[in-house]
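Quick note: to get my numbering, add 32 to the position in the sequence shown (first position is 1).
Each residue gets a CB set at the ideal place from its N, CA and C atoms; glycine is no exception.
Computed from a prediction, not measured in an experiment: that's the story for all the values here.
Here's the structure we're looking at; comments come further down.
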Amino acid sequence: MGKEIAKDYSRNEVLIHGRVSTVASEKELPSGDVVVEFRVVVGRNGSSGVDTLDIAAWSAKSRRTALRLVEDEWVEITGAIHRRFWRSASGLASRWQVEASTITRI
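Here is the structure:
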């Protein structure tokens with residue numbers, strides 16, 4: 033068939049230092065899971081531009097921390113990037129989101 037892969041070297045790990053740009057909001061999904069979402073702004077290295085990143089906190093500890101953050105506060109986030117899919121009125125939709133493992137004020 034295809035070429036057999038001897039070892040998986042893949043790694044999905046992010047470290048972000050950024051500024052909170054929106055106050056966190058908690059929402060309950062149709063599955064009953066609870067997530068806290070907020071955004072962080074990070075500067076682009078060597079450029080005057082910025083990127084705004086969507087952050088999701090799923091664990092109880094990260095949700096509590098996220099809900100206490102204030103706008104313009106500097107944070108360090110570790111986690112992984114995931115693409116989320118859902119059905120919207122116009123069809124299948126998706127977005128990239130950082131799933132936070134840890135959230136620390138800096």
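Under 7 Å between C-beta atoms of residue i and residue j
| i | j | result |
| --- | --- | --- |
| Leu61 | Val72 | no |
| Ala92 | Ile109 | no |
| Glu103 | Val55 | yes |
| Arg127 | Arg116 | yes |
Burial state of residue i (16 or more Cβ within 10 Å)
| i | result |
| --- | --- |
| Val68 | buried |
| Val146 | One cannot answer for residue 146 here, as it falls past the ends of the chain, which runs 33 to 138. |
| Glu45 | exposed |
| Gly111 | buried |
Limits of the unbroken beta strand (DSSP E) element including residue i
| i | result |
| --- | --- |
| Ser79 | Where Ser79 is concerned, there is no enclosing beta strand (DSSP E), given that its DSSP letter is neither H nor E. |
| Gly123 | 123 to 137 |
Simplified DSSP assignment, three categories, for residue i
| i | result |
| --- | --- |
| Arg96 | helix |
Strand pairing of residue i, partner residues [DSSP]
| i | result |
| --- | --- |
| Asp86 | Arg71 |
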